[in-house]
Amino acid sequence: MATASEIQVDDDFAELAEKKAWHQVAIDLVRKQPLAAGGFAIVVMMVLMAIFAEFLTFFPPEDNDLEHMLEAPNDVYILGADQFGRDLLTRIVFGARTALFVGFTCAIVGATCGMVLGVASAYFGGTFDLIVQRLVDVIMAFPLIILALAVVATLGPGTVNVIIAITIPFIPQCARVVRSNALAIREIPYVDAARALGFSDARIILRHMAPNVMAPFLIMLTSFLGQAILLEASLSYLGMGVQEPTPAWGLMLQGGAEEFAESAPWVAIWPGVAISLAVFGFNLFGDGVRDTLDPKLRSR
Amino acid sequence: MTNLTTKLALATLIGAGLVVGGTVEAAPKKGGILNYVVGSKIPSYDGHKETTFGMIHPIRPYYSTLIRVNPDNPASPTDFVCDVCVGDVPKGEEGGTKFTFKIRKDVEFHDGTPMTAQDVKATMDKIIFPPKGIPSARKAFFKAVASITAPDDETVIFKLAFPTGTFIPALALPFNFIYSKKDLDTHGYTWHQKNVNGTGAFKFVQHQKGSFVEGVRNASYHHKGKPYLDGIKAISAPKLAVRVQAIRGDRASIEFRGFPPKHRDDLVKALGNKITVQESDWNCVLMFAPNHKVKPFDDPRVRRALTYAVDRHGGSKYLSRIAIVKTVGGIVFPNHPFAANEAELSKLAGYSKDIGASRAEAKKLLAAAGVPNLKFVLNNRGVDQPYKVVGTWLIDQWKKVGMKVTQRVQPSPPFYATLRKKKDFDVSIDFNCQSVINPIADITKFLTTAGNNYSAGGDAKADAIYEKLLRSADPKEQRAMIRQYEKRVIDDAMVAAITLWWYKINPHRSYVKGWKIAPSHYLNQHLDNIWLDK
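Quick note, the sequences are listed as chains A and B, same order. Using my numbering, the letters of the first sequence correspond one by one to residues 320 to 619. Using my numbering, the letters of the second sequence correspond one by one to residues 19 to 552.
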């Protein structure tokens, strides 16, 4: 005769073994994390826009059509046209490509470099750790936008330089968070065991420690995505980011918001809405990831 | 000759600027502080070295010049009056090769030193014959000057190697600040880059970098009764939107450079008769310069293809609604009698109204040069009006003939460094902004040896034509030679290309009186004639 606890264990296994349909998973997610699901939907929409931009639009994003300059929203120009007669909807859809390219590149490179640096700093400790952490202190003392501005002012405007400018401030942020997790992992015996087996430092850091700091890494990564999009838009708005005629939301704001805010407000409104939605979406999604991966938050 | 004189008078009238909402002015009132916004930074205080309105607007009121454009008729290319000299501007003696100026006795530097002819001579020597290593941006304008002497404290004599109509307009340039000989002798030729000691209507008080430049009324100013204002404050505001809002919110009364048409309309709509708008053609043209030292731009066919591809007439029609450019013209200020008329223009590459034919020619030239799908980077200045607007438009124009162009936008200092020192560009946005309308001097930009010819190339035939032009005294002959020169520099050899001429729109608070728009944002900036009707 089975005891109550044995029955419970069997049920758990049964639940685990049960394969849920994808729509059931989606419904569960929406039920448990409605905001994160909303954020995820926005992210998916952005990704689809970026991938299928050519199929979703009817106008070339960079070609001027001066006869239609500043045309108000209508049947043809659904969101209106900008000062060069370019369709705003088209430029917003293609702008998603720029935003995601910059966002993902900066977030992935910044978070990955930060993770490696943070784990290495915790693993080696001593003088290396001291030097790395003081450098991290120095860089983190500057607000993100100021540091990015300083870097792009030194390197000059342009997409590649913007990516570098945004990535650099991300590295210490991620390194600091990951290091605190890696310090605890360093004390676990399997790290000593790996060392005793003669594994190289690089192997221990990358194969044995790094996978165990994935939770903070993913949380940082998702939060960086929204920040990177916002920073790219800010730098482009200040004229130090992506340059015309490349479609980019911040650049669209810069070109139109100042001059046509009164006479043709749609030139400023739609890129602003796109930036807000994207950042909102990524932040919600990031919060959801954090809530899922952080055991303390998960238990609440 | 008579015909040309009539045209000149007509040009004066046309160029006089359209004043919208203008009123008959009452007697000037004294007092008040004029706050005005400036959209560019001050590289240095030295007028002899600098070329930007970023220096002229905040610093010019502290200095005088030997002669100046008539403040009451600044649109005229021929109306000059004495500033620190006495009487009328002298006519040339000895066949136009000698000019004698009598200097006022009542002019005083702000440090209390009396100004004499020796100061004028020392200043003009610095501008025209600068020692090695001392920059002088307008030295080339005085090519004809052979010597300057000051036989006594009240007389300055300029002797020219040959008679030329460019001399007097060049003397009236607002950059020719009169410096104290004592300062030059004591502190050296670079002292004025960081210090101010002039004889202008206002005395320099302070410069808070990135914020404002402040001055107070010069009580011992030599134009008696002036200035009317108690003081001036030039507020730094690089962002156009900030400048517009400053005027709208009455934090500033005027911006002297010019606003795009949309901002004019917004201000007039919002403030009605509290805003007065002055408009004028502008002696400023936006150009693009291919780097002759970089392949394939060393090939004139490629350079000509660049200009053939540009629809100037279409651009004028539409860009004039969103940018401070408007007029289609050649190398000479469009309202001047020396400027090309429509028929003459239409014969030049890229000026035909049949843009289809022009673009077909561009494609043919590119194919012949072996670069049918030319790719290059356009170097541009990080200033919206009109640089970035026209740059974006040009990229689209070139795309229409199969060129793939990306844009590199730089803030002003690195932009200038690229043009002047690094020369690491394919094609760059360029400009020719002059103050006093002086076509024969203004077109020196295209000469092989000109300091502001950034194309790193030139045309020997054009240079030879210019040498003859400089020595010609007959306006009819001068005009004909300018046409030959023009054909060489923007067509056959395509040293650099003209896009559109600028159009100046100055909306200002209606209580600002006494200031008249000029065809240049460098002119009429001494501010001694401005008063506030409050």
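Heads up, the beta-carbon is just placed ideally off N, CA and C, and yes, glycines get one too. Keep in mind it's a predicted model, so treat the numbers as computed, not measured.
Taking C-beta separations shorter than 6 Å and ignoring five residues to either side along the sequence, the partners of residue 358 of chain B in its chain run 348, following chain order. If you look at residue 331 of chain B, you'll find it in the alpha helix (DSSP H) that goes 330-340. Residue 140 of chain B has its alpha-carbon roughly 30 Å from the corresponding atom of residue 226 of chain B. B:81 is the residue among B:81, B:333, B:154 whose C-alpha sits nearest the C-alpha of residue 129 of chain B.
Contact between residue 537 of chain A and residue 608 of chain A holds, with the beta-carbon distance rounding to 6 Å and staying under 8 Å.
For the region 378-392 of chain A, the beta-carbon criterion of a distance under 9 Å to any beta-carbon of chain B is satisfied by 381, 382, 383, 385, 386, 388, 389. Take residue 416 of chain B, set aside five residues on each side of it, and the residues of its chain with a beta-carbon closer than 6 Å to its own are 327, 423, in chain order. With respect to the 7 Å criterion, residue 421 of chain B and residue 392 of chain B are classified as neighbours on the basis of their beta carbons.
With respect to chain B, the C-beta atom of residue 560 of chain A has no partner C-beta closer than 7 Å. The beta carbon of residue 54 of chain B lies closer than 8 Å to those of 75, 250, 251, 252, 253, 270, 271, 272, 273, 274 in the same chain, with the five residues before and after it left out. Between the region 366-383 of chain A and the region 406-418 of chain A, the count of C-beta pairs closer than 8 Å reaches three or more; the two stretches touch.
Within the region 275-291 of chain B, 278, 280, 281, 283, 284, 287, 288 place their CB atoms closer than 9 Å to a CB of chain A, listed in sequence order. Taking each of B:489, B:218, B:323 in turn and checking the Cα distance to residue 379 of chain B, the smallest one comes out for B:323. Secondary structure of residue 563 of chain A (DSSP, three-state): coil. Residue 367 of chain A counts as exposed, since fewer than 16 other beta carbons sit within 10 angstroms of its beta carbon. When Cβ-Cβ separations below 7 Å define contact, residue 410 of chain B makes contact with chain A. Looking at B:186, B:165, B:276, the one whose alpha-carbon comes closest to that of residue 540 of chain B is B:276. The distance from the Cβ of residue 563 of chain A to that of residue 406 of chain B is about 7 Å, consistent with a contact at the 8 Å cut-off.
Three or more beta-carbon pairs separated by less than 8 Å link the region 280-300 of chain B to the region 521-537 of chain B, which places the two stretches in contact. Against chain B, the CB of residue 553 of chain A has no partner CB under 7 Å away; the residue lies outside that interface. Membership of residue 305 of chain B in the beta strand (DSSP E) is indicated by the continuous run 293-308. Under the Cβ criterion of 7 Å, residue 530 of chain A is not counted among the residues facing chain B. By the Cβ criterion, the region 494-504 of chain A is in contact with the region 436-451 of chain A, since at least three pairs of Cβ atoms, one from each stretch, lie closer than 8 Å. Cβ proximity to chain B below 7 Å picks out 577, 578, 579, 581, 582 from the region 566-589 of chain A. About 11 Å separates the Cβ atoms of residue 314 of chain B and residue 386 of chain B, ruling out a contact at the 8 Å cut-off. Under the Cβ criterion of 7 Å, residue 563 of chain A is counted among the residues facing chain B. Secondary structure remark: continuous beta strand (DSSP E) runs of at least 3 residues inside the region 504-535 of chain B, in chain order: 515-527.
A distance below 6 Å between beta-carbons, with the five flanking residues on each side excluded, links residue 489 of chain A to the following residues of its chain, in chain order: 429, 543.
For residue 591 of chain A, none of the residues of chain B pass the 8 Å Cβ criterion, the least Cβ distance being about 15 Å. Residue 402 of chain B has its alpha-carbon roughly 11 Å from the corresponding atom of residue 429 of chain B.
Straight across, the Cα-Cα distance linking residue 310 of chain B with residue 395 of chain B is about 14 Å. At the C-beta level, residue 472 of chain B and residue 503 of chain B stay beyond 7 Å of one another. DSSP places residue 433 of chain A within a helical segment (H, G or I) once states are collapsed to three. By the Cβ test, the region 137-156 of chain B is in contact with the region 196-209 of chain B, since at least three Cβ pairs between them sit closer than 8 Å.
Where residue 489 of chain B is concerned, there is no enclosing beta strand (DSSP E), although the alpha helix (DSSP H) around it starts and stops at 478-489. Comparing C-alpha distances from residue 356 of chain B to each of B:70, B:426, B:500, B:86 shows the shortest one belongs to B:500.
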